[in-house]
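The opening residue of the sequence shown carries number 133 in the working numbering; numbering runs sequentially from there. Cβ atoms here follow ideal geometry from the backbone N, Cα and C, with glycine treated the same way.
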Amino acid sequence: MQYQLSSRIAACETENARLKRRLHWQNVVLIGITLASIGGTTYASKSLSETPNVISTITVKELVVVDDHNVVRARVGGNIPPAVVDGKTLSRGSGHDGTAGIMLYDRTGVERGGYVTFDHGDYVALTLDNQKKQQVFFGVGPTGSAALQLWENDEMLDLRAAPNGARFTRTKAGAVTHQYPETMIRSATCEYYRSGIKDEVPAGLPRAEVKKICERKFAASSCAPCLPPEK
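Quick look at the structure:
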């Protein structure tokens, strides 16, 4: 009888120890699952709440965009280089060091226009080019004068609002053929021309060259009294 009781007690103790071990490992697994769940939820929440790194300001002298063939298609710069057409470098009329903005290029790498500012004259302009030369110019001067110019071969249409008056002008081969309304040149503009346009060209230009410039904007009958032949 005593032996049977001892055997039963020993069996109970063995079963109790086995149950304790099972309960211990179950608790370990449950704790691990719980921690993993909490960690995953925290990571997911953190990932959703975090925003990508944002660079607020990039300072560069030039940004060049190329296509899949490594051809330059766009250029943003504070010092835009001159255009190159048929291997020839063309002046922008303001010098290499005086043009800043955005330039666009076609699939062959030829410049086709841009949105730029010119240090020389302080103009801001939108230009559109064919593959050989400028076709459209839309610009505004520092004092508010504005002009829209369209070219086709040797003909040009000019819609302008300027101190001498708003007008629509057609020129052919560099000379005015029609102007509406026909505009008289103000005395201040005459003085500007007579000086040889020294405000823009410090060394001054010859009278004959200035006269050609005048006749691209005004009728010859208006330019003649303003720019009589030099003695």
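Contact check, residue i vs residue j, beta carbons under 8 Å
{"i": "C346", "j": "L359", "result": "yes"}
{"i": "R80", "j": "P313", "result": "Shown here, the chain extends from 133 to 363; a query on residue 80 therefore has no answer."}
{"i": "K264", "j": "V217", "result": "yes"}
Neighbourhood of residue i by C-beta, 6 Å cutoff - its chain only, sequence neighbours within 5 removed
{"i": "W283", "result": "Q267"}
{"i": "K344", "result": "none"}
{"i": "R207", "result": "V196 and M235"}
{"i": "G273", "result": "Y255"}
{"i": "A215", "result": "L222 and E243"}
{"i": "A335", "result": "none"}
{"i": "R205", "result": "V197, D199 and Y237"}
{"i": "S226", "result": "Confidence at S226 is low in this model, with a pLDDT of 45, below 50, so its placement is unreliable and the value that follows should be read with caution. F250 and H252, listed in sequence order."}
{"i": "A356", "result": "none"}
{"i": "H310", "result": "R302"}
Beta-carbon contacts of residue i that lie in its chain and below 7 Å, excluding the five residues immediately before and after
{"i": "Y247", "result": "G233, I234 and L258"}
{"i": "N296", "result": "T315, I317, R318 and T321"}
{"i": "S277", "result": "A293, A294 and P295"}
Chain B contact for residue i (CB, 8 Å cutoff)
{"i": "G253", "result": "Among the chains in the structure shown there is no chain B, since it carries only a single protein chain."}
Whole-number beta carbon distance between residue j and residue i, since they are thought to touch under 8 Å
{"i": "E362", "j": "R339", "result": "5 Å"}
{"i": "G245", "j": "D261", "result": "5 Å"}
{"i": "G253", "j": "E332", "result": "6 Å"}
Same chain, Cβ closer than 8 Å to residue i, five either side skipped, listed in chain order
{"i": "V203", "result": "Y237, R239, T240 and G241"}
{"i": "V308", "result": "T301, R302, E347, R348, K349, F350, A351 and A352"}
{"i": "E194", "result": "R207, V208, G209, G210 and N211"}
{"i": "T231", "result": "N211, I212, R224, V248, T249, F250 and D251"}
* For the stretch 287-295 against the stretch 322-334, are there 3 or more C-beta pairs whose distance is under 8 Å? -> With the cut-off at 8 Å, the stretch 287-295 and the stretch 322-334 do not touch.
* Which runs of the alpha helix (DSSP H) spanning at least 4 residues fall entirely within the stretch 235-264, listed in chain order? -> For the alpha helix (DSSP H) assignment, the stretch 235-264 encloses no uninterrupted run of at least 4 residues.
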